[in-house]
Every structure is written in structure tokens, then in C-alpha cells.
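Inspection log for the structure reproduced underneath, given as C-alpha cells.
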Amino acid sequence: MQNHYPSGPSDVPAGFTRPGASYKRKAWLAVAGLITFIVLYLALTVWFALTGINRLLALNAHSGPLDFLVCACSLFLTVFLVKALFFIKKGEYAGVIELKRAEQPGLFAFLDQVADDAGAPRPHKVFVSGRVNAAVFYDLSLVNLVFPSRKNLEIGLGLVNMLNLSEFKAVCAHEFGHFAQRSMALGRWVYTTQQIAAHIVGKRDALDGFLRQLSRFDIRIAWIGWGLSLIVWALRSIVDSGFRLVMIVQRALSREMEMQADLVAVSLTGSDALIHALHQLQVADDAWDRAVGFVRGEAAAERPPRDVFVVQQAIATRLGRIYNDPAYGQRPQVPVTDAAAFRVFKAELAQPPRMWATHPQNHEREENAKRTYLASPEDTRSAWTLFDDAPALRERMTRSLIGDTSHAVVEPAVTLQRLDDQFAIEPLKPHYRGIYLGFPITRHAARADELYAPVPADGALDPETLYPASITQDLEALRALDHEHALLCSLRDGVYTAADGVIRHRGRILKHSELQPAIDSVGTERAAIRARLATTLKRVRSLHQAHAGQLSPQWQAYLKGLLHVLHYAHHAEAELRDTQAALARCWQRVSASGSVNARGVKDVLARAEAVQQALIEVFGARNEVQPGERVLAELGHESWPAILGELGLGQPVRENVGDWLRVADSWVNHAAGCLSRLGRAVLAELLHAEASVAAATRGEPLPATPAIIPAAPPAYTTLVTDTERFHRIENPDFWDRFRSANGFLPGLARAAVALGIVGAVLVFGWSLDESTVTVYNPLARTIVATIDGKEVTLAPDAHASIDVHSGREITVAARTEDGDPIDAFQASIDRADSHVVYTVAGAAPLRQWTAVYGAASAPPPRLLSPQRWQPAVTDVVFAAPPASIKTNGGGGIRTVLEGSDDMAPGELVEQLKDASAAAPMLLSHVRFDAPESARLNDWLNLAGAVPGFDDAFAARRARFPIDVVAMRFEQNAAKGTAAHDAVCARQRALAEKAPDQPDLAYLVARCMPTGPAQDAAFDAGYRRWPDSAWYANAAGWNASAQGRYRDALADYQTALAGSPALREYAAVELLRVARLVDPEAARSRFVTLAGQSATVRGLLMYEPGETPPAGAFQPIALLAGGRLDDAVASSAGTPAHAHVLRMAAASNGASAALRTRALGLAADDGIDQYTAILALAMGAPAGTPAIRTLLSALETQYDVPDLPARLNRFLALARNGNATEAERALDGLPVVLRAQALVAGIYVMKDRAPEEWRTFARRALFAAERPYLG
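Once you know that position 1021 of the sequence shown is 1021 in the UniProt record's numbering, the rest is easy, because the numbers rise by one and skip nothing.
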């Protein structure tokens, strides 16, 4: 091993390869940028995935088309983003041969030692290739973001062939030096992420095909494809822009990493070995391409060489002779003294070798390597000494390069002789100093006659004089300037990006805006050198033609003819290649976004037509090209048309442009290849002919003139150097630059638009996951509700909607306006619940009914069980249904969910039928409703027997010490018990403390026994406090019971205006007595009173002449209109059937059958506050539980202790036909009880009943409260 491992420097300073602060800072910035990109990418992916999955799980019978569309689109975009994660990028295994440790122990031992010395992992596998390269490659997939892949080392044998052991060790140490840096993991991450970004931005697959097909459907479907395509474009743009920003930071680090890897190589091999390797790689690149081309040509000629590496070395040697440059390809000689100051590369945009084309410039790397100069002995042995059986490996690689062949290989001596024969051609002879090797000798002239001019033919022609030594220096300078100019143009056009984002040129750092002046400056230098070379060539051509004219006019014509054909071949080939390149650039530009629009197709067609025109010109002029017999003999054909053939490529049009593009390159390559061969042959013949003329000027005999004078077409398109299409800067418009993000402003604009689109999608998706919470306050008290931190204040019976994000738990709370807590709980909102109703304190059931359109039918309305929190599954929530809908059938429905605030508490409890469900609702009103609230008395009466009432009522009394409704309820509840005196004593004590408080005085009067003394107390209080609603109500009660209806009307008006708690009762009683006083005048009060009282509204909807609204109980409406049989039939199967049957049987016009059916009802059936007295008339026993309970309640409610006895006496008198005495038995009863008793009397007496009874009942009772009386 020691014999093959070059020694390194002995005095490496401590910490020589330790990264500096700049390196670490840029590494952290790169890591931060990369992590930000990955997080944002994954966040987008996860967001779309969660949105799609959540919408999928939320789909149900009530989901609309939008729900299905959003679900499908979200999942599609998830697949679009996720598919990029599942890539596997294989390393470049094409054209490589794997070496085994057992086969090459010396090489592996060398590589292991270099890796160990560099502190890097040893390579997993080692491969050799037919390239000038040394690189580490590996398979790559998503898992490599976490787990590093095993590294394989590629060794290009074209590199090995040109380096000595020290140089080869330096190159390997540089590669291993990367993996000795922990930041190389960042490179792996960046490369992995780059593949993800490339798959998203550049890859077009089945998903894109699906979008294209979807976008071509009917417009009703196509818009979905358009929208998805726009979102996909936006996602690609964001990923592209984001990764470009990552790469800006990464490039800054990449430069540092390359410099750091160079320092690792310097620490192992010294400062010179790596620089010399860089120098040799330039020669190796040039020679290798020519060598591969040569051996493949030999193989095609049935002379396959044995060893391509012999050819590479031979070509490198011969290129020096061609350039007439003895130093070409030779290693720089480091001076013995002041070696640290010696520089190989100039401080300019020096050309890096191809294998390190993305690395910092050579002169910068040399400065880095020699900043601290480390001397080390050079091992000049060839790098081949590391390989066991190197000849066999070289031959194996040669066979791999030229492919399978059935011909016997040719020995190197024969191959080299063939190579010498090629290098012996006239244009490559040393005295031309390489001017005919790559320099376009005719392209600077637009016409062939510009290549020569009349000059005197004096003296002999000497090659050393004709081709001065300055040509070599000019050609070398021109090659450097050409590369410099091309690199600057690439930087300007965005084709190439500086390694670390910083443009360095001739010791200056350039801004992007300074590139064009730099390009112009370099262009001026190039033009000056080209002009000098062109002048030299023109002098050469002119002198040869002048002497030929003296020797033989025919030779002069022959030289001119050859020059014209050469000019044609060069310009025709250049025009073909230029149109081909312009087409390629155009295609790259218009397809940069992944698709080609109509404008792009138009641009491509224009460039394709230019290519077609160039081909037509070449093939159309083929019969006008006469190269001459010597050129044709060299080409092996009898004519130029036989070489070129006929054009078989049709004109490009929109319909065939895709197929045309696939074959156009082959036609261009064929024609340009033929022209190139023609140009080489004509140039060789021209130089050979000029050599003959020059020899003749020196006394040698002039050969016979060829019989055929060469000729070119009289007119053809020319392309002068520096007028190529890529020099005609096609400034793309803003739209093209926007699509490709070419430039800062277009890139910023594209990113902004893309972010706007994706942002809108995210906001839209987020809003879809929003649920609406409707807060409904059925309490008779203003509340403040807080839903997920959003606060809303609601008046009694009001509602408001709040949007919240679903799929989680939210905090719900409610309190009274003055701070009393009501609710506080956590509520879960499922994503399937687009609408949720929060009923504060669960204080009311929700009413669900169905709006009907056209011929559709609907189920009857129903009350939902009272709940605080419940999803709404109806079409309309707390809003009016639409007035009309569009349907394909004969009708349709819309379900509606609304509050039940227009229903009386008793009606709610009755329809719920579930006491346990109603209990929390009742207690909520007992606890929280405000004093003087309209329904409080009803709630108290209904809740009195509910478990938990005492606690709720105690809390209420503590919160509201003076609460007339609650205190009246206390009196009523304690009446007839020992507690009644205690209740009244407490209230009297309060009144004594506040003698001017009318409400307390009213309560004291109410505690008195019923009778004249109480009536006198009420009268006295009303006189003292005429505005007191409670005294006015008591006065109205007394007046109506005594038949003083006009007085009662005035009293009830005062009560109605004075207390909300009396509003429901007083409004109904006011309307009753108003109808008794003047029915027609009473109608004018309907609208006002209906606006004040829900009870009045509910009663008036069934009055004759009114149209019952949607939701009205149809049987009652039919009954009120006298359609008795229809009313009974429509009520069949409903809870109200027995009620309707009893009412119908007692109505005018009732049939005997109806009466019989009513009499057949069980005694308890259909008994309620409206039918209890009527049932007695129909013969139901007074002891029936339902009747007894109701009469007892009425007795208490209206404070009529002997009500059952009075009713029995009335009915007995009515049955006996004594109407006068019967009516007298009802004196002193409240109006409603009197009217209900009269209805029972009418049933009993039938036609014998006085008409006044019917009149009184029709006026005192509303149509919904009584039978139909005509």
C-alpha cells in the first residue's frame, strides 16, 4: 500500500479544515430555509388531506353538491401533492462498470485510506465509467430525508488516464471531503426536496391528463377542471418560488462547502496537486470528446480500436502540435522559490472543467488552496498504477463505449496510425497554428467575395509569414473570451446562476444591471481579436488568389470557387443550426409552465416555419452546389444531391405540429451534418490547393487544374457571426415572464397571484369547516351569550347566529345582562353539523314544520324535545322559507326550524307530553325570567309540581325580593293551607315598610278573604293609584264579573299598558269585553292587540274572515268555518281528535251521527279547559278525574269557590227549560266561565236556548274556544 499512496504535507496547521464562522452562519440559514420550505409544503399537504378526509366523513343525507365537490377536489389536490413524495431516483448507473474489492484490492485500499484520512465514510460501491469525472452518487427517495443513503463512488477512466497519483488523490480527497462535513446532510436534504419540488412543478402525469379531459367536458362540468387546473398551477408556482428561495441560500452555502472540500484535499495532498488536477482536467475534457468520436468512427469503419485511452493521450499530445503550443497539456512547473505566490489560473471568469462546472471558478479555488500554502512532494506515477490488470479494464471500457461489434479489434499501433492520418490532414498542420480548428473562417463575411481582395503578387508565399505566431495567442485569448461572453450572457438570461448567487467578473462583483455593459465590453474585445484573425485570413486568401492569377487563371477560378462553396456550406449549416436552436428555446419558453397555450403554439409554429424554410433552401439549392471532383471523391459520392437526398418533411401546421417536432431534428441534423462534411472537405481541398500555389511560387511545378470549377448557389441566406438569433434578444412580454417567473417583478407577481389563489382556497376550505351556531333566547330576560369567545347580547325571544370552526369542542356560556350565570359547558361540534342551535338554558322546545310548494304534501308540525344544544337538520333555520322554489317535479318542500315563543307555556307542555323533558324548561323560566314578564305566571303554575321547583323558586325570590307575579303565585299556592297566613304576613310586613308601594299594597289586599271588604280594598287602592296595572286588573275583573263591561274595558286598558306580566291576560280579556260592548269597534283593536299578545294572535287566526297562516291547526280552522264533518275527519289520528269531536257535536248544524259519536267518547277523552263544562252538559259525570281536576283548577284560578255547584245548578235549570233562573245562577262569574257555561246550556236546550246566549258566547269566546254557533 505504501508504494501506491502518495504522501501528504507534513505541516498541516491545527484546525486547517475546520469550518469558519461564515460557513456555519450560511449552514444555519440554509437549514432554516429548507425546514421552512418542508414545513410549508407538508402543511399544505396535510391541510388538503385533512380537509378532504373530514369532508368525506361529514357526508350525509343532508350534504349538498358543494360538500361532495369540495371533498373530491381536496382529495385530488392531496394526491397531487403527496405523489411527489413517493419518488425513487436511481443513481446514474448507465455506462458504468462495478469494481469488486477482490478484483481491485489496490484501488480499494487506496480509496479506503483517502476516506479514512478525510474522516469520511468509505464508499459502498465503486464504479468506473467512460467519462472525465469523479463523483459520489446514490439512490434517493423520501426516506433519505431521515436516513442517509449509502454512497457509491464513480471514477471516470478518462480522468484517471490524464492524472498522476498525487492529482488523483487530490480529486478523490475533494469528493470524500464533502462527506467529512456534517453539512453534507443538508445537501442530501436539499437534493431530496429538490426532487419533490421537481415532481410537483415539472412532472406531468395521469392527474394532469385527467384535468385536461375534465376541462373539455360540457361547461357545466368543465368549470371544475378549470378551477382545479388554476389551483394546481398556483401550487406549482408556490412550490417553485419557495424552492428557488431555498436554492438561493443553498448556493451561498454550496460555495463554502466546495471551498471546504478543497481544503480537505489540500490537507491530504498539498496546495499544488488539486490545482494541477484542475489544469489537467481541461485538457482531458477536450481530448476525451475527440477520442470518443474518433474510436466510434473507427468502429463504424469496421476498425474497432482496442484502447480508447491511448487515443485520448495521443490526441492531447497532438492538440498541442495543432495549436503550435508546446506548453499545451503540460503540467505547470512550480518554481522552487516562492511557490506559494505561483498561480496557474488567471483572476477572471476562468473556465472550470466540465465535471466541476457548478463549482467556484478555478482562480478562486486556487486562491483558497494557496491561502495557507502547504507543500507536498508530487508522485508523478500514473493513476493507472492503482488498478490491477489495467489493460484489461481499459479494453473492457473501450468495448462499452463503442458497443458490440463483430469485427476484430485493432491494435493501438494501427489505431494511432489512423489517428495520425486524420491529424495529418491539411487544416491541422502545425504551420496553420490551429486557426482552422474551430475558428469560423468564413462566418464573419456576409458575401464570399468579402473574403478576398486584389493585392499585388510579390515574392514567394511562406507559411511562417502568412500565419504569424500571434495567431496562437489570439486563438487562446478568443477561446477564453468566447467562454467568458457565453457565461455572462447565460447569467443575464437566467440560463446559468452563479454558484453562490454572487457574480464575480475580473475582480469585481457585478450587479445584474451591470451584466450588459460587461457583455458589451467583452464583445468589443472579441470583435477586435476576430477582426485581426479575419484580416490575416483575408490576406492569406488574397495573396494565394493573386499568385494563382499570375500562374494560371484557371487555378484562380478554382480557388474562388472552393471559397464560395465553403462560404455557402458554413453559412447554410449555421442558419440551420440557428433556426433549430431558436425553435428549442421557444419551446422551452412556452412550455415552462408545463402546458402550451394558443399563443405559445403560434410562436412555436413561427419558429418551426423558419426551420422548414432553412431546410427548403438547402434542399432546393442542392442542384446548384458543385463541390468539384476532388471534394466529391473525398466525400465518396458522385454529386452533392446524391449526398443530401430529398426533403421528406412536410410544412408545419397547427394540426401536425406535434408530429413535425418529433422528426424535425433528425432532418436538421442530417442536412447540417452533410453541410459540415462538405465544409471540412472543401476546406481541406482549399488549403491543399493554396499549398500547391504557394509551392509553385517557390519554384515547384504547379499541378494541372481540375476540370470542374466548384460553384455555390448564386444566392442563399447568410448568418454572420454575432448575428445569431440568440443575440437578437427576444424580450419576452410580461405575460411570458410571469408564467416562467423570469425576473424579480414577474416572479414576485406570479408568487403573489399564486399565494392569493391558494390563500383563497384555504380561506374557502376553512369557511366550509365552519358551523353556524344560532343562539336562541326563550327566556323573558336579556342575556349575554358567549360562543367560542364571541359574545352576543339577546333580548327575550331573540336569536342571533355566530360562525365557529367545527370538528372540535368549544366553550359555551350564558349569563343575564346583570351578571347572573345561566349556562357554562363544553360543546362538541361535529363537521357534519353545519348548523347548531343553542337554546339558552334549554328553556323552550324548537318547532319544526314543513313549507309546501305545488302539489307536495307535508307532515304535521312537531315540537322537538327542549335541549340546550342540538344540530339543525332542516333546510331553513330561524328564518322564513323562500316564497317559491324551482323543482323538476310537481312540487317540493322546505323544512323549517324555528323558536316556539309564539306558543303559550301550557300549549308547549301539552304538546310535549313528556313531563321529564319539560321539567328543565319550566324550572329555567322559574329561575331566570324577569319579574313582570308576560308568561311568568303560566310558567310558575306549570312548574309548581315539578321536582326541583322549590329550589328554583327560592333562588328566584332571593334574586327578586319584590316580584308581584311570584308573590301572587305564593299566595295562590298557599291558599287553603296554614302557610297562607305566613305568606301574607311576610308580604304585609314588606308593605308596611313601603307604604307608598302600590304593588305591595295590592298584594296585601289580595290576601284578604274574597268578598265586599276585598272589593272595597281594591277600589280604594285603584283610586289612590289609578295608574297601577294590578289594581286596574282587579277592577276590570270585578267590573266584568258584575256585567259592567264598559268600565271593565277602561280598566283592562290601564292594566294592559301598565304591566307586561298582565299583557297576555289583559289583552285577551280586553278584547272579550270590547266585543261584548261593540263587536264592530272591537275589530279595530285586532291588529294592535295581536301585536301585543301571542295569545290574541293565536285566537284571531281562526276567526271568521281570517285566513289561517301556514302552521295553523287545520281541524280548528274547519270547525270555525262550520265544516264540522271535515274538521272531525281531518283531526282523526291527532291528539286533538276528541276535543274536535266534542266541539263539533255541540255546534250548530251537528248531525245526529256526530252527536252520537261524541256521546260515545269515554268520559275522560277530549277534556280540557274549553270542553270540561261542555262535557258535563253531554252527560259526563262530575266526578270524572279529568273534569274534576280542571274544575278545581278553574275554581282556584278564577277564585270561585262554589264553581262546580253553580255549574250543576245552571245545567239542571237549563235541562228543565228555565233559562231565566239558569242565567241568574251564573251571576258574578268571570266572562269566560259564563260564556262556556252558556255554550253548555245551548247544547242542553238546543233550539229552546235564548238567542242572547248564543250572541254572548260568540262575542265572549273566540272561534277556537267554542263550538261553531253560526
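Built from N, CA and C at the ideal position, the CB exists for glycine as well.
At which residues does the beta strand (DSSP E) containing residue i begin and terminate?
i, result
"Val720", "It is not in any beta strand (DSSP E) - Val720 carries neither H nor E in the DSSP assignment."
"Tyr1065", "Run containing Tyr1065: none in the beta strand (DSSP E); it sits in the alpha helix (DSSP H), 1063-1077."
"Phe127", "125-129"
"Trp869", "869-871"
Quick check: residue i and residue j, are their CB atoms within less than 8 Å of each other?
i, j, result
"Trp384", "Val132", "no"
"Gln580", "Asp665", "yes"
"Val1232", "Arg1097", "no"
"Gly297", "Ala316", "no"
"Val631", "Ala681", "yes"
"Leu1269", "Arg1248", "no"
"Pro866", "Met921", "yes"
"Thr772", "Asp803", "yes"
"Tyr838", "Val775", "yes"
"Leu576", "Ala453", "no"
"Gln626", "Pro710", "yes"
"Leu478", "Arg526", "yes"
Starting from residue i and walking both ways along the alpha helix (DSSP H), at which residues does that stretch end?
i, result
"Gly1036", "1029-1041"
"Leu153", "Taken as a continuous stretch (DSSP letters only), Leu153 belongs to no alpha helix (DSSP H), being part of the beta strand (DSSP E) at 152-156."
"residue 1333", "Not covered by the structure: residue 1333. The range shown for the chain is 1 to 1270."
"Pro1115", "1114-1120"
"Ser271", "271-300"
"Ala413", "412-423"
"Ile893", "It is not in any alpha helix (DSSP H) - Ile893 instead sits in the beta strand (DSSP E) that spans 891-898."
Excluding the 5 residues preceding and the 5 following residue i in the sequence, name in chain order all residues of the same chain whose CB lies nearer than 6 Å to its CB.
i, result
"Leu56", "Cys71"
"Arg959", "none"
"Ala582", "Arg607, Arg725"
"Gln351", "The predicted model places Gln351 with a pLDDT of 47, which falls under 50 and marks its position as unreliable; any figure quoted below should be read in that light. His483, listed in sequence order."
Is residue i helix, strand or coil when you go by DSSP?
i, result
"Ala357", "Note on Ala357: pLDDT 42, under 50, position unreliable in the model; the coordinate value appears next. Here Ala357 sits in coil by DSSP."
"Pro1204", "helix"
"Thr45", "helix"
"Lys429", "coil"
"Val625", "coil"
"Ile810", "strand"
"Leu863", "strand"
"Ile38", "helix"
"Gln330", "coil"
"Ile97", "strand"
"Leu349", "Low local confidence applies: a pLDDT of 42 at Leu349 is under 50, so the model's placement there is unreliable, with the coordinate-based value given in what follows. Coil at Leu349, not helix or strand."
"Val12", "coil"
"Ile787", "strand"
"Gly1149", "coil"
"Ala858", "coil"
"Ala712", "coil"
"residue 1333", "Limits of the chain in this structure are 1 at one end and 1270 at the other, which puts residue 1333 out of reach."
Please list, in chain order, all residues of the same chain as residue i whose beta carbon is under 8 Å from its beta carbon, the five residues on each side excluded.
i, result
"residue 1320", "Nothing about residue 1320 can be read from this structure; the chain reaches only from 1 to 1270."
"Leu543", "Val455, Ala457, Leu461, Leu466"
"Val295", "Pro304, Pro305, Val308, Val311, Thr398, Leu401, Ile402, Thr415"
Excluding the 5 residues preceding and the 5 following residue i in the sequence, name in chain order all residues of the same chain whose CB lies nearer than 7 Å to its CB.
i, result
"Ala265", "Ala170, Ala173, His174, Gly177, Leu274"
"Thr45", "Thr78, Leu81, Val82"
With a cut-off of 8 Å, does the C-beta of residue i fall near any C-beta of chain C?
i, result
"Tyr1052", "Although the question refers to chain C, the structure presented lacks it and comprises just one protein chain."
**Message:** Contact between the stretch 1159-1172 and the stretch 1188-1201 is defined here as three or more beta-carbon pairs at a separation below 8 Å; is this criterion met?
**Reply:** yes
**Prompt:** Would the stretch 120-131 and the stretch 151-158 be scored as touching if the rule is three or more Cβ pairs under 8 Å?
**Reply:** yes
**Request:** State whether the stretch 877-895 contacts the stretch 1022-1033, with contact taken as three or more CB pairs (one from each stretch) at a distance under 8 Å.
**Result:** no
**Message:** Assess contact between the stretch 1101-1109 and the stretch 1133-1145, defined as three or more Cβ pairs (one per stretch) separated by less than 8 Å. Is contact present?
**Reply:** no
**Message:** Assess contact between the stretch 529-542 and the stretch 413-428, defined as three or more Cβ pairs (one per stretch) separated by less than 8 Å. Is contact present?
**Reply:** no
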